[in-house]
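Let me begin by presenting the structure, written as structure tokens, before commenting on it.
There are 2 protein chains.
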Amino acid sequence: MALISSFTPLLIAILCVVIAFLFKRYKTTESNKATKPRGESRPWVDEDLQDDTEMNSKDNESDDWVVEGTENLTHVPYTPRRFTEEEMLQRSQEFFTLLNQRRSVRFISREPVPREVINDVIRTAGTAPSGAHTEPWTFVVVSDEETKHNIRNIVEEEEEINYKQRMGDKWVQDLKKLRTNWVKEYLDMAPYLILIFKQTYGILPNGKKKTHYYNEISVSISCGLLLAALQNVGLVTVTSTPLNCGPQLRLLLRRPTNEKLLMLLPVGYPAPDATVPDLTRKELDDIMVFV
Amino acid sequence: MALISSFTPLLIAILCVVIAFLFKRYKTTESNKATKPRGESRPWVDEDLQDDTEMNSKDNESDDWVVEGTENLTHVPYTPRRFTEEEMLQRSQEFFTLLNQRRSVRFISREPVPREVINDVIRTAGTAPSGAHTEPWTFVVVSDEETKHNIRNIVEEEEEINYKQRMGDKWVQDLKKLRTNWVKEYLDMAPYLILIFKQTYGILPNGKKKTHYYNEISVSISCGLLLAALQNVGLVTVTSTPLNCGPQLRLLLRRPTNEKLLMLLPVGYPAPDATVPDLTRKELDDIMVFV
Chain F
380 MALISSFTPL
390 LIAILCVVIA
400 FLFKRYKTTE
410 SNKATKPRGE
420 SRPWVDEDLQ
430 DDTEMNSKDN
440 ESDDWVVEGT
450 ENLTHVPYTP
460 RRFTEEEMLQ
470 RSQEFFTLLN
480 QRRSVRFISR
490 EPVPREVIND
500 VIRTAGTAPS
510 GAHTEPWTFV
520 VVSDEETKHN
530 IRNIVEEEEE
540 INYKQRMGDK
550 WVQDLKKLRT
560 NWVKEYLDMA
570 PYLILIFKQT
580 YGILPNGKKK
590 THYYNEISVS
600 ISCGLLLAAL
610 QNVGLVTVTS
620 TPLNCGPQLR
630 LLLRRPTNEK
640 LLMLLPVGYP
650 APDATVPDLT
660 RKELDDIMVF
670 V
Chain C
380 MALISSFTPL
390 LIAILCVVIA
400 FLFKRYKTTE
410 SNKATKPRGE
420 SRPWVDEDLQ
430 DDTEMNSKDN
440 ESDDWVVEGT
450 ENLTHVPYTP
460 RRFTEEEMLQ
470 RSQEFFTLLN
480 QRRSVRFISR
490 EPVPREVIND
500 VIRTAGTAPS
510 GAHTEPWTFV
520 VVSDEETKHN
530 IRNIVEEEEE
540 INYKQRMGDK
550 WVQDLKKLRT
560 NWVKEYLDMA
570 PYLILIFKQT
580 YGILPNGKKK
590 THYYNEISVS
600 ISCGLLLAAL
610 QNVGLVTVTS
620 TPLNCGPQLR
630 LLLRRPTNEK
640 LLMLLPVGYP
650 APDATVPDLT
660 RKELDDIMVF
670 V
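Protein chains in written order, with the working numbering: chain F, 380 to 670; chain C, 380 to 670.
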């Protein structure tokens with residue numbers, strides 16, 4: 380008894396340390412859960428969903444996307460075409476009118492679209508600015524019927540899980556109404572699916588990884604140019620970000636691990652009976668503040 | 380002495396708990412440091428830099444940006460203008476040629492730019508798609524000289540810190556070379572600064588917060604449209620993401636806490652002696668994969 384008593388302080392000390400350690404472990408596991416969505420048991424789930432390069436970049440990157448080594452590059456005069464004020468006004472109004480007619484369209488015609496037009500549209504997307512001029516984008520254009528159908532299967536399966544999880548008990552009675560949301564016929568119908576991957580890092584000649592700063596923002600800007608280019612030729616699409624099935628689609632399309640799917644755009648002519656919800660956009664005063 | 384001895388287990392236990400607590404606190408502080416760059420003692424630093432709505436959204440949001448309640452909205456026919464294949468090809472080539480001439484320009488003329496053109500350009504940016512049609516963007520257009528200068532001071536101060544931290548000991552000898560990178564004269568010169576804020580959440584009628592899913596991607600796409608619209612009228616800009624000074628600029632411009640600065644674009648005509656680094660863009664084959 381005396382022996383136990385003399386050891387008591389030590390025992391309590393050990394107990395405390397163990398409890399503190401366990402508590403810390405528990406907290407760590409909890410916070411991991413919060414950032415890692417589902418799929419622990421799915422073999423194809425890799426680290427694709429974790430991309431916080433933007434968050435890590437804040438401290439060690441210049442903010443104006445200056446290109447490293449630019450100081451040593453030749454600088455050339457830049458003299459773009461200058462328009463008169465009248466021309467500018469006319470062009471800005473016309474461009475607004477054109478883009479204001481853009482809508483997300485889920486009814487896409489099977490009709491073929493000239494391949495060269497798609498090439499030009501991708502070329503246009505590739506003119507976007509990017510952090511340190513890394514051009515961190517890969518555009519996978521899918522016209523193969525079987526691959527399109529495989530993509531549809533993957534996306535619909537994930538969508539069904541999304542909806543079921545979101546709806547819980549209400550699922551059964553709402554099934555019919557929601558069905559239209561996760562059945563994506565356009566993935567088979569559209570002559571082209573454009574899958575846009577962001578390259579989260581590059582590989583240096585010495586084999587080391589080089590972080591691509593602002594890759595998500597850069598690739599999203601590039602998507603903006605892509606949408607403008609599609610609208611300019613009368614093609615339609617619907618912007619989708621199938622994040623949960625990114626890893627599966629990446630494997631299907633055999634893209635390397637540094638590429639993560641950011642967006643999937645089905646592209647084609649609108650179906651003759653295409654409809655869109657009767658939405659309006661915010662007025663200029665609701666989106667602009669003048670100082 | 381006997382008294383002390385009998386209290387020893389208790390004392391040790393308390394000590395352990397205190398140590399464990401301190402250790403945990405230390406760890407928490409460390410990890411905060413990793414995500415929160417600098418500025419613990421700066422009164423204007425708030426939670427602005429923490430925006431992980433995209434990461435949290437993956438599990439509970441449909442992936443095709445479907446608008447909630449769309450089922451109950453009237454659907455209207457969508458019949459945009461149809462071009463012939465020849466017209467499409469010509470338009471896609473012309474649009475590529477136009478946007479391929481865009482460059483990030485740091486030499487901007489003081490010359491005034493018609494306000495109505497800026498309005499149209501912002502209107503155009505507002506036609507971007509957004510997650511659940513939340514239109515989560517605010518464009519702050521600054522033409523006031525004093526405000527522009529205050530913005531310049533904030534941005535340059537942060538840039539200087541960035542460069543100093545990045546360069547470490549090499550700082551002193553490289554000062555002269557780097558100076559051009561963090562002195563941003565264009566922030567005074569440009570007739571307009573467009574500061575683009577993403578609204579990370581909205582406020583529901585009942586006062587509760589409503590997360591804006593995919594707000595960063597949406598606003599970045601909208602910036603893509605803005606860049607295209609600027610290029611279309613012959614104006615220039617340089618894409619910058621002044622993340623570290625976001626909170627200060629938000630306070631300066633009196634934007635609410637749900638808005639976080641994503642990009643800052645100085646806008647104007649190029650200066651007559653403007654130069655750009657002699658960079659090239661990747662070829663189509665380097666950015667496109669056809670399946």
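Idealized CB from N, CA, C, for every residue including glycine.
Using three-state DSSP, classify C:Phe669 as helix, strand or coil. strand
Which residue's Cα is closest to the Cα of C:Arg470: F:Val492, F:Val455, F:Leu478, F:Val500? F:Val500
Environment of F:Asn623 [buried if 16+ CB atoms lie within 10 Å]: buried
Is F:Ile596 close to chain C, meaning its C-beta is less than 7 Å from at least one C-beta of that chain? yes
Verify whether the separation of the beta carbon atoms of C:Thr503 and F:Leu478 is less than 7 Å. yes
Identify, in the order they occur along the chain, each residue of the same chain with its Cβ nearer than 8 Å to the Cβ of C:Leu631, setting aside the five sequence neighbours on each side. Thr526, Asn529, Ile530, Ile533
Range of the contiguous beta strand (DSSP E) that encloses C:Phe518: 516 to 521
Counting contacts by CB-CB distance shorter than 7 Å, is C:Ser488 in contact with chain F? no
What are the partner residues of C:Val646, as DSSP defines its beta bridges? C:Tyr571
Is there a C-beta anywhere in chain F that falls below 7 Å from the one on C:Asn479? yes
Please say whether F:Ala608 and F:Ile487 have beta carbons closer to each other than 7 Å? no
Which residues of chain C have a Cβ atom closer than 7 Å to the Cβ of F:Arg502, listed in chain order? Phe475, Leu663
Taking DSSP's pairing of strands, which residues face F:Ser483 in a bridge? F:Thr616
Do you know whose CA, among C:Cys602, C:Gln627, C:Glu638, lies nearest C:Val698's CA? Residue 698 of chain C falls outside the range modelled here, since chain C spans only 380 to 670, and no answer is possible.
Whole-angstrom distance between F:Pro491 and F:Ile575, CA atom to CA atom: 21 Å
Assign F:Asn541 to one of two classes, buried (16 or more other C-beta atoms within 10 Å of its C-beta) or exposed (fewer than that). buried
In angstroms with no decimal places, state the Cα-to-Cα distance between F:Thr476 and F:Asn611. 11 Å
So is C:Ile666 in contact with chain F if we call contact Cβ pairs under 7 Å? yes
Determine, using beta carbons only, whether F:Thr526 comes closer than 7 Å to chain C. yes
At a Cβ threshold of 7 Å, is C:Trp423 touching chain F? Confidence at C:Trp423 is low in this model, with a pLDDT of 38, below 50, so the placement of that residue should be treated as unreliable; the coordinate-derived value is given next. No, because no Cβ of chain F sits closer than 7 Å to the Cβ of C:Trp423.
F:Thr503: first and last residue of the uninterrupted alpha helix (DSSP H) it sits in: 494 to 504
7 Å Cβ cutoff met for C:Leu452 and F:Asp657: yes
Beta-carbon proximity check, F:Lys587 vs F:Tyr580, cutoff 7 Å: no
Report all residues from its chain with a CB closer than 6 Å to the CB of F:Trp516; omit the five preceding and five following residues, and keep chain order. Val598, Ser601
Just to make sure I have the definition right: I need the residues of chain B whose C-beta is within less than 7 Å of the C-beta of F:Leu628. Which are they? Considering every chain present, this structure includes no chain B. Its protein chains are F and C.
In the region 449 to 480 of chain F, which residue ranges form an unbroken alpha helix (DSSP H) of at least 4 residues, counting only runs that do not cross its ends? 464 to 479
How many Å lie between C:Glu595 and F:Leu604 at the Cα? 16 Å
If we define contact as Cβ-Cβ less than 7 Å, is C:Ala650 a contact residue for chain F? no
Do we get a CB-CB distance below 7 Å when we pair C:Gly647 with the residues of chain F? no
Helix, strand or coil for F:Val562, going by three-state DSSP, please let me know. coil
When the Cα of C:Val520 is compared with those of C:Val655, C:Val670, C:Phe669, C:Leu643, which residue comes out closest? C:Leu643
Please list the partners that F:Val455 has in chain C, where partner means a Cβ-to-Cβ separation under 7 Å. Thr654, Val655, Asp657
I'd like to check one pair, F:His454 with C:Thr654: are the Cβ atoms closer than 7 Å? yes
Note down, in chain order, every chain F residue with its Cβ under 8 Å from the Cβ of C:His512. Leu658
Taking 6 Å as the cut-off, does the CB of C:Gln472 come closer than this to any heavy atom belonging to the ligand NAP? This structure lacks the ligand NAP; in fact it carries no ligand of any kind.
So who's on the other strand from F:Gly581, going by DSSP bridges? F:Lys589
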